[in-house]
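A.B. asks: Per my numbering, the sequence shown runs over residues 23 to 183.
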Amino acid sequence: MKKVVISLLTLAVALSASASASAAEPAKNMKSSQKAAASVTDPYEPNDSPAFAPYINSNTAYTAAINHNKDADYFNFYAKPGDLTLAFSRLSASNHTIDIMVRKQDGETLKSQFDIKGNTTLSVNIPEEGSYYIYIVSADAAFDTTPIKPMPYTFKAFFKQ
């Protein structure tokens, strides 16, 4: 009898944990599936805010895409004082431009570059140890009333600390 009670209790705890995890996921899954219809494969979605942004590492290539008019991509990183060099490449042509900003977690912009149509490099001084993020968006596409074609890109960040 004790084995049955323990087994049922273990099963109930497992099902409860599974249900709790599933209850937290639908918003993320729904958001991803809404974009999937018109998207280029972007393994980092949803990353439309710093709260959902993945953390990146130095000297690692990341490939993602601006998939629709209102899409914005965030990538978090933790850094010590020093220099950050961000090498950015667009992987397709588009009439729309890309804007890149490197910001502190409080939103203060350390460096920005606007109206990017091709490849670029940003050099940023990281003033203090802490959390930062890279913000990538197509501001001019946000005002376009027709759906845009996805704009894939790749970037690599190099930290000198």
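Glycine included, C-beta positions come from ideal geometry on N, C-alpha and C.
(1) What are the start and end residues of each continuous beta strand (DSSP E) run of 3 or more residues lying completely inside the region 119-165, in chain order?
(2) What did DSSP end up calling A94 once you bin it into helix, strand or coil?
(3) Report yes if the C-beta distance between I156 and F97 is below 8 Å; otherwise report no.
(4) Confirm, please, whether the CB-CB distance from D95 to N69 is below 8 Å.
(5) Leaving out five residues on either side along the sequence, give the residues of the same chain with a beta carbon under 6 Å from the beta carbon of N141.
(6) Nearest to T168 by CA position, among Y77, P72, K92, is which residue?
(7) Going by beta carbon distance, what residues of the same chain come within less than 6 Å of P174, once the five residues before and after it are set aside?
C.D. replies: In terms of the structure at hand:
(1) 120-126, 131-138, 142-148, 152-159
(2) strand
(3) yes
(4) yes
(5) S111
(6) K92
(7) V62, A87, L113, S114
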